[in-house]
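See structure below.
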Amino acid sequence: MEQSFILQHFTLSPGLYLPGQQIVLRDPWGDLINAAKWRQVGAGPLSVRISGEGQFLLQAYALIGAEAVLLSSLRVEGGQAVVLDALRDHVVRLSIIALSCVHLRGAVLLGAQPQRRARLAICIPAFGAGRGLPEKLAVLRDYLRLMPLGAEARVLVIDQGLATPPVPHAGLRVVAQHNLGGAGGFARALREAQCDPWGFTHCLFTDDDAHFTPEALHRLHAYLSLAQDPQLAVAAAMVTHQQPDQLWESGAIFDGFCRGAFRGTDLMDQVALARIERTSAQADWQQQPGIYGGWWMFGFALAGVRYAPFPYFLRGDDIGFALANRLRIVTLNGVCAAQDDFAAKEGPLSLFCDLRGHLIHPMVFPQIPGGRWRVGWRGALFVLRSLARFRYDEAAALLIAWQDVLAGPRAFATHPGAEAQRHAIAQLPRPCAPLPRKQARRAWPRWYWMLSVNGQLLPFGSRGVVHIAPRRRRDMDAIWGRRAIVTDQCDARDLRRFYPLFIRLLALWLRYMLGFKALARAYRATYGTVASQQAWDAHFQSSQPR
């Protein structure tokens, strides 16, 4: 089969180079070749084509541990495609050296042509200001016009109350509906893609504030085009705008909590990046229990979908979707999105949505470690963490989430937009506390502050003030023993607010523990119905766009 299908573009600086000059590959991660992952989708023997005039020396090195082992060294004429025979399943780094005066235009990795190119629906739910939607649509316009697979993609924006909806054009369709959150927006996009006469075969779910490059989208699109397994899905890695040089995650595991894979990896450390690629190419890693991908950039085949998203409104829908449909998650180097740190975006509503999923997933999916004590403790930990940080509005929102889950699956089925809960959460007070006078923190051990919920349950209350950046607001070690915590505003200990919330937590926790078995049976029995496309169709028909 002809090796003419572009798998990835290398990040070279085009221009004139003198004999002996090294041509720098600028992206330590994106410019690697993961031969094992391309082999898994039948890309065949891989080849490299250097565009330009002149003669080049092309060397391929296998990254094994901390060493780079030379696999091949080839003289290449500009415009010539050469097969890299010795790649096997290695993670490979290329080296390109000018052997004459050369004019370089670019270089690509080539593989076998797919039997059918994926017809990709790029699905974006958006609300309000649309956050980064205009910039994202500009990137997608470039993809549709300029990239090799652009003709096989269309953009579908679900307008759930945008202040300024985008203007539809040949490659962009806009569908308006009532605000049903991320879950409802993606469910609507999924339905539109399934019914569209253009014949979509695949979907890309992406948040309106997630930024990625046309090259990242091309690699994902190419991989989905080659894949024959309908259960295969491609999950993009993520970095944050606050720390763009470190991975937030590349794939994730839900084991009762969300565990971002490879978090904190330095994106300039090619040895560590090659280790990620070797690990994530293994079939056991791609199919481990609880694996999922975030919807900042998540591509999958429509043929592999049995269940639509569960109506969580926000948060948890991506986890449930991957687990319910038993998707095999693949990550690709160079397929990465950027958005704000979740800690910086955390607030009462996001935590409310987060906790509902954390309580329900273990009751529904047997691959997630569960049991009443384990799940009950995790849920209580959410509330206790907010109480320890004196974020009483967050704690109150989390207790509303407990009440929602205790109400059973019917509450989700009848109110996917969670309007009443969102209204109640929006009314929760968060007064700015006066800054206490400076005092030394009491030198009690960490366990004392944990048992006392940061000095609120036991004698010898916390003292002192700590100022922390919003992205460090989850750092509990920074707040133990403090009486006030300053992030975007000052939150201080208030026992009049603490005790009613703590007592409500105990009551709801006890109800959950006593009713756990019956509740778990109810969610397991109805999950497929509540997350069915038919259920969502009824919501779409009854809701009117604002």
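In terms of numbering that gives the first Met the number 0, the sequence shown has 229 at position 230, counting the first letter as 1, and numbering is strictly consecutive. All C-beta atoms in this analysis are idealised placements derived from N, C-alpha and C, irrespective of residue type, glycine included.
Original post:
Any idea if P18 is buried or exposed, counting beta-carbon neighbours within 10 angstroms, 16 or more meaning buried?
Top reply: Within the sequence shown, the letter at position 19 stands for residue 18. So P18 counts as exposed.
Original post:
For the candidate residues L62, E66, Y222 and H240, whose alpha-carbon lies nearest to that of D208?
Top reply: Taking the sequence shown and counting its residues from 1, one reaches residue 208 at position 209. Cα-wise, what sits closest to D208 is H240.
Subject >> Best match in Q420, Q242 and G378 for proximity to F341 [C-alpha to C-alpha] >> reply: Locating residue 341 in the sequence shown gives position 342, counting from the first residue. With distances taken between Cα atoms, F341 lies closest to Q242.
Original post:
Exposed or buried, W372, counting other C-beta atoms within 10 Å across all chains shown (16 or more means buried)?
Top reply: For this step, residue 372 is matched to residue 373 along the sequence shown. Exposed: under 16 other Cβ atoms inside 10 Å.
Subject >> Helix, strand or coil at R187 [DSSP, three-state] >> reply: Looking up residue 187 in the sequence shown gives position 188. The answer is helix: DSSP assigns R187 an H, G or I state.
**OP:** Compute the Euclidean distance between the alpha carbons of G289 and G250, then round it to the nearest angstrom.
**Re:** To locate residue 289, count along the sequence shown from 1; it is residue 290. To locate residue 250, count along the sequence shown from 1; it is residue 251. G289 and G250: Cα-Cα distance of roughly 11 Å.
Subject >> Spatial neighbours of V452 in its chain, beta-carbon cut-off 8 Å, leaving aside the 5 residues before and after >> reply: Indexing the sequence shown from 1 puts residue 452 at position 453. For V452, where only same-chain residues beyond five positions count, the Cβ hits under 8 Å are L383, L386, A387, F497 and F501.
Original post:
For the 8 Å Cβ check, are there 3 or more pairs between the segment 161-168 and the segment 289-298?
Top reply: no
Subject >> Beta carbon proximity, A425 to chain B, threshold 9 Å >> reply: No chain B appears in this structure, which consists of one protein chain only.
Original post:
Any idea if A537 is buried or exposed, counting beta-carbon neighbours within 10 angstroms, 16 or more meaning buried?
Top reply: Within the sequence shown, residue 537 is the residue found at index 538, counting from 1. Per the 10 Å Cβ criterion, exposed.
**OP:** Take V558 as the anchor and find which of S94, T278, G303 and Q2 has the nearest alpha-carbon.
**Re:** Because the chain spans 0 through 545 in this model, residue 558 falls outside it and cannot be assessed.
Original post:
How many angstroms separate the CA atom of Q366 from the CA atom of Q287?
Top reply: For this step, residue 366 is matched to residue 367 along the sequence shown. For this step, residue 287 is matched to residue 288 along the sequence shown. So the two alpha carbons sit approximately 9 Å from each other.
Original post:
Do you know how far the Cα of L31 is from the Cα of V546?
Top reply: This structure does not reach residue 546, given that the chain is present from 0 up to 545, and the question cannot be answered.
**OP:** Taking 9 Å as the cut-off, decide whether the C-beta atoms of I546 and F351 are in contact.
**Re:** In this structure the chain extends from 0 to 545, so residue 546 is not present and cannot be described.
Original post:
Can you name the start and end residues of the alpha helix (DSSP H) that F539 belongs to?
Top reply: Against the sequence shown, residue 539 aligns to sequence position 540. Unbroken alpha helix (DSSP H) run through F539: Q532 to S541.
Subject >> Proximal residues to A321 (C-beta, below 6 Å), its chain only, five neighbours per side dropped >> reply: Looking up residue 321 in the sequence shown gives position 322. Excluding positions up to five away in sequence, the list reads Y291.
**OP:** Look at the Cβ atom of G550, then the Cβ atom of I359, and state whether they are nearer than 9 Å.
**Re:** No answer is possible for residue 550: the residues shown for the chain start at 0 and end at 545.
**OP:** Would you please state the rounded distance, in angstroms, between the beta carbons of G77 and E52? I believe it to be under 8 Å.
**Re:** Position 78 of the sequence shown, counting from 1, holds the residue named residue 77. Position 53 of the sequence shown, counting from 1, holds the residue named residue 52. With a Cβ gap of about 5 Å, G77 and E52 count as contacting.
**OP:** State buried or exposed for K344, treating a residue as buried only when at least 16 other CB atoms are found within 10 Å of its CB.
**Re:** In the sequence shown, residue 344 corresponds to position 345, counting from 1. By the C-beta density criterion, K344 is exposed, having fewer than 16 other C-beta atoms within 10 angstroms.
Subject >> Neighbourhood of V101 by C-beta distance below 8 Å, restricted to the same chain and skipping five residues each side >> reply: Here the question's residue 101 lines up with position 102 in the sequence shown. Cβ neighbours of V101 beyond the five flanking positions: L15, Y16, G51, E52, G53, Q54, F55 and G77.
Original post:
Which of helix, strand or coil does DSSP assign to Y306?
Top reply: For this step, residue 306 is matched to residue 307 along the sequence shown. When secondary structure is reduced to three states using DSSP, Y306 falls in the coil class, being assigned neither helix nor strand.
Original post:
Where do the ends of the alpha helix (DSSP H) carrying T413 lie?
Top reply: By one-based count along the sequence shown, residue 413 stands at place 414. T413 -> alpha helix (DSSP H) spans P408 to T413.
Subject >> Reduced DSSP category for P469 - H, G, I as helix; E, B as strand; rest coil >> reply: Working through the sequence shown from its first residue, we reach residue 469 at position 470. Looking at P469 - three-state DSSP - the assignment turns out to be helix.
Original post:
Are L216 and L266 closer than 9 Å when you measure CB to CB?
Top reply: Walking along the sequence shown from the start, residue 216 turns up at place 217. Walking along the sequence shown from the start, residue 266 turns up at place 267. No, these two residues do not count as a Cβ contact at 9 Å.
Original post:
Can you list, in chain order, the residues of its chain whose CB lies under 7 Å from that of M146, leaving out five sequence neighbours each side?
Top reply: Taking the first residue of the sequence shown as 1, we reach residue 146 at position 147. Correct list, in chain order: P213 and H217.
Original post:
Using 8 Å as the threshold, is the segment 518-525 in touch with the segment 401-411, meaning 3 or more CB pairs across them?
Top reply: yes
Subject >> Supposed close pair H201, A117 - CB separation, criterion 8 Å >> reply: Within the sequence shown, numbered from 1, the residue matching residue 201 stands at position 202. Within the sequence shown, numbered from 1, the residue matching residue 117 stands at position 118. Right, the Cβ-Cβ distance comes to about 4 Å (below 8 Å), so this counts as a contact.
Original post:
Is R445 closer than 9 Å to W479 when the C-beta atoms are compared?
Top reply: For the purposes of this step, residue 479 is taken as the residue at position 480 of the sequence shown. For the purposes of this step, residue 445 is taken as the residue at position 446 of the sequence shown. The answer is yes: Cβ separation under 9 Å.
Original post:
Is it the case that the Cβ atoms of A137 and P229 are separated by a distance below 9 Å?
Top reply: As a position in the sequence shown, residue 137 is number 138, starting the count at 1. As a position in the sequence shown, residue 229 is number 230, starting the count at 1. No, they are not a contact pair.
Original post:
Looking at the structure shown, is L354 part of a helix, part of a strand, or coil, going by DSSP?
Top reply: Numbered from 1 along the sequence shown, position 355 holds the residue referred to as residue 354. If DSSP states are grouped into helix, strand and coil, L354 belongs with the helices.
Original post:
Per DSSP, which one or two residues make a beta bridge with Y16?
Top reply: As a working mapping, residue 16 is identified with position 17 in the sequence shown. In the DSSP output, where bridge partners are listed per residue, Y16 has V101.
Original post:
Within this structure, are the beta carbons of A152 and A307 separated by less than 9 Å?
Top reply: The sequence position of residue 152 within the sequence shown is 153, counting from 1. The sequence position of residue 307 within the sequence shown is 308, counting from 1. The answer is no: Cβ separation not under 9 Å.
Subject >> Close beta carbons around E134, own chain, < 8 Å, minus the five adjacent residues each side >> reply: Numbered from its first residue, the sequence shown carries residue 134 at position 135. Cβ within range, chain order: H210.
Original post:
Over what stretch of residues does the beta strand (DSSP E) that includes T239 continue unbroken?
Top reply: The count along the sequence shown starts at 1 and reaches residue 239 at position 240. First-last of the beta strand (DSSP E) with T239: A236 to T239.
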